[in-house]
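Chains as they are written, first to last, in the working numbering: chain A, 4 to 533; chain B, 6 to 256.
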């Protein structure tokens, strides 16, 4: 009896000692977003585990070791910071009080290669962000196309925020939150202006587009109230604002909507007082034919009977003519076109018979087999003589500007063309693959079709195509900037993380290429699920 | 029937008592079924040189690295050992021993299914020495020191990427203190005096198992052209306390 007791006691003690709990992080799976790039690093943001795995890919020695950074709860999306390749922005929704974990505010985390450099926290659970072109500011709002993803009982779709990314977080100051006044609409998108000379001061604006209204927010004086300008009353219904252009030196904002025949010009002039802002907006409407589909601004140098000044060139949906609008006089000059384009790509380049770089435009329509070159300077005077048609071998579905002298046309089905904007010639490149995912980077055009094992690249100097076969099928790809060793990273299907690193300059140099497999379980024994 | 009853009586009733019965008229010396007083067995202390045991070693893995293999902190190992006491006094004995212990642990699904299973298999052989001090006839505490090497194999099955394996030889040292409760001497002694020194018992021992960690790097069989960089999974601690439960036979 005593022996049995002794034995049972021993077992009981052992079981009591051995009753451990596994780290819950070891139970949770991965949910990786598309890969992102930092200077010399590739970043994999894991929504499920709220971590970022950062791996150096441009070092002289290959490594499979990942630095794991803890993110604020619920990462929603990420984007490299414009003009700052060493920073990645991650918008996180935060955590509501679910009775299990501590609630946490929403946040934007700024990642650097080795750390989370700063976290801007705010109470509103925004689901979209847009950067200014210089990467200085970040605008947060509720994207009406995905508000079903917003958690919580209530949210105000007109609440927005601006973060000064050059400044550290400061409660109540950075980010600056605001509820935009509106006429019933909700923000659809936002556009940042370049510095504009308004009321004697160079300042930057955020233009928030509602369906038929806009809000003008002076970012130089962010504490001042915004102007919300109603445009719809001047038309018969929704405008569906879709395009904004800024006048540059002149304090004008040009607006186009897909459901309006008018171009709206908002002039911002010095205020006579009586407002908190030192400028006031005024609206002008310009007729642009039926259904303007795209517009560009250019500076007419003038000559002959044509006065110099700012011009707006507009193409309309289904119309074989373009319109040049002089904002100063509201005069409209129509230019006959050989086809009916609906998109304009502005570029400054010379041409064979006139090597001097001038303001020109490429007109196109996705789905068409033709493009039209337009020399914008003197267009009102010379009309159709400034227009040149170029037929292609097959219809294209996407146009990508690679430089001021080179445009990529991705054809429907298979193949692509490189359009030399100076020579006005086309270099066809055949392919057996769907080329919808072409990525220009490191002086090459990279083609990494998903579910294929081959990756193609086209030298944009010599137009020489080449390809290599990888060891696994392609899932996604990202170009990694680096001054010394630019890379192109291709991910593969895997449950523990698998990608291949190619030399950005010499992709077919296998001595410089390598794969990394298992980075998601890096150090899993020592660090647990992290 | 009568013969069966007689046999039972022979077992139950001491032989000298039976000899005093007036009914015992048969010549016991001529009947091999009847043990005579001249075959009386020896009494007193016995000498036990050999010891064999079947062991259940429960290794207690409190280190978080073991979470990859189990949601409990126990790694059971079954084994056997045999020892011979080459030096004996009335109470103290020193016995070298040889032993073997094998364990197999399987972890379930990890990381939401990214890892379908982990396995750790260990085959350990060791040699050691134990010092036993017999306090009472049925109770003897002991100390045991052993050293050996374990073939340790770690396997990781993934959902998509196949199976990764890592195997290594890991030396180890164990030091334990315990006690054994045995049957009294001569319990199994036969009438002919055989098995006089046999005793069986239970051992409970606690101690520490010290070993270098198993450092596992994913090693896959690359069939492609590119070199594959694979991260370290980290260090799987192989040290920790243990409890030994053993069935012991001494002879």
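Just so you know, even glycine gets a beta-carbon here, dropped at the ideal spot from N, CA and C.
This one's a predicted model, so the numbers in the text were calculated from it and none came from an experiment.
Three or more Cβ pairs closer than 8 Å define a contact, and the segment 95-112 of chain B meets that threshold against the segment 121-138 of chain B. Contact annotation: in the segment 484-501 of chain A, residues whose CB is within less than 7 Å of a CB in chain B are 496, 497, 498, 499, 501. In this structure residue 240 of chain B is not in contact with residue 523 of chain A, their Cβ atoms being roughly 18 Å apart against a cut-off of 8 Å.
A:493 is the residue among A:276, A:225, A:493, A:497 whose C-alpha sits nearest the C-alpha of residue 60 of chain A.
From the beta-carbon of residue 118 of chain B, the residues of chain A found nearer than 8 Å are 32, 498. Using a CB distance cut-off of 8 Å, residue 459 of chain A does not count as an interface residue toward chain B. Of all alpha-carbon atoms in B:255, B:189, B:247, the one lying nearest the alpha-carbon of residue 66 of chain B is that of B:247.
Under the DSSP assignment, residue 74 of chain A falls outside any beta strand (DSSP E); it carries neither an H nor an E label. Contacts with chain A at 8 Å (Cβ-Cβ) do not include residue 139 of chain B. By the C-beta density criterion, residue 458 of chain A is buried, having at least 16 other C-beta atoms within 10 angstroms. Under the three-pair Cβ rule at 8 Å, the segment 198-208 of chain B does not count as touching the segment 483-491 of chain A. At a cut-off of 8 Å, the C-beta of residue 508 of chain A has no neighbouring C-beta in chain B. The C-beta of residue 182 of chain B has fewer than 16 other C-beta atoms within 10 Å across all chains shown, which makes the residue exposed.
Considering only A:96, A:196, A:81, the residue with the shortest C-alpha distance to residue 152 of chain A is A:96. Under DSSP, the beta-bridge partners assigned to residue 422 of chain A are A:410, A:429. Nearest to residue 296 of chain A by alpha-carbon distance, out of A:346, A:332, A:328, is A:346.
Exposure of residue 469 of chain A is indicated by the presence of fewer than 16 other C-beta atoms within 10 angstroms of its C-beta. The three-state reading of DSSP puts residue 85 of chain A in coil, since its state is none of H, G, I, E or B.
Relative to the Cα of residue 244 of chain B, the nearest Cα in the group B:251, B:214, B:238 belongs to B:214.
Listed along the chain, the chain A residues whose CB falls inside 7 Å of the CB of residue 165 of chain B are 496, 497, 498. Residue state for residue 188 of chain B is assigned as coil, using DSSP reduced to three classes.
For residue 236 of chain B, the closest Cβ of chain A is nearer than 8 Å.
Counted as a single uninterrupted DSSP element, the beta strand (DSSP E) harbouring residue 378 of chain A occupies residues 373-378. Out of A:284, A:318, A:381, the CA that lies nearest to the CA of residue 307 of chain A is found in A:381. Residue state for residue 56 of chain A is assigned as strand, using DSSP reduced to three classes. By the CB criterion at 8 Å, residue 144 of chain A and residue 158 of chain A fall outside the cutoff. Separation of residue 25 of chain A and residue 527 of chain A (C-alpha to C-alpha, rounded to the nearest whole angstrom) is 13 Å.
Put simply, of A:77, A:119, A:324 the residue whose alpha carbon is nearest the alpha carbon of residue 104 of chain A is A:77.
With a threshold of 16 other beta carbon atoms within 10 Å, residue 467 of chain A falls short and is exposed.
A Cβ of chain A is located within less than 8 Å of the beta carbon of residue 76 of chain B. Rounded to the nearest angstrom, the Cβ distance from residue 271 of chain A to residue 284 of chain A is 5 Å, consistent with a contact under 8 Å.
The C-beta distance from residue 185 of chain A to residue 216 of chain A rounds to 6 Å, short enough to fall under 8 Å.
Under a 10 Å Cβ-count criterion, residue 411 of chain A is classified as buried, with 16 or more other Cβ atoms of the shown protein chains found around its own Cβ. Fewer than three pairs of CB atoms, one per stretch, sit closer than 8 Å, so the segment 156-164 of chain B makes no contact with the segment 201-210 of chain B. Minimum Cα-Cα distance from residue 37 of chain A among the listed residues A:511, A:480, A:455 corresponds to A:480. Per DSSP, residue 529 of chain A is one residue of the alpha helix (DSSP H) stretching across 527-530.
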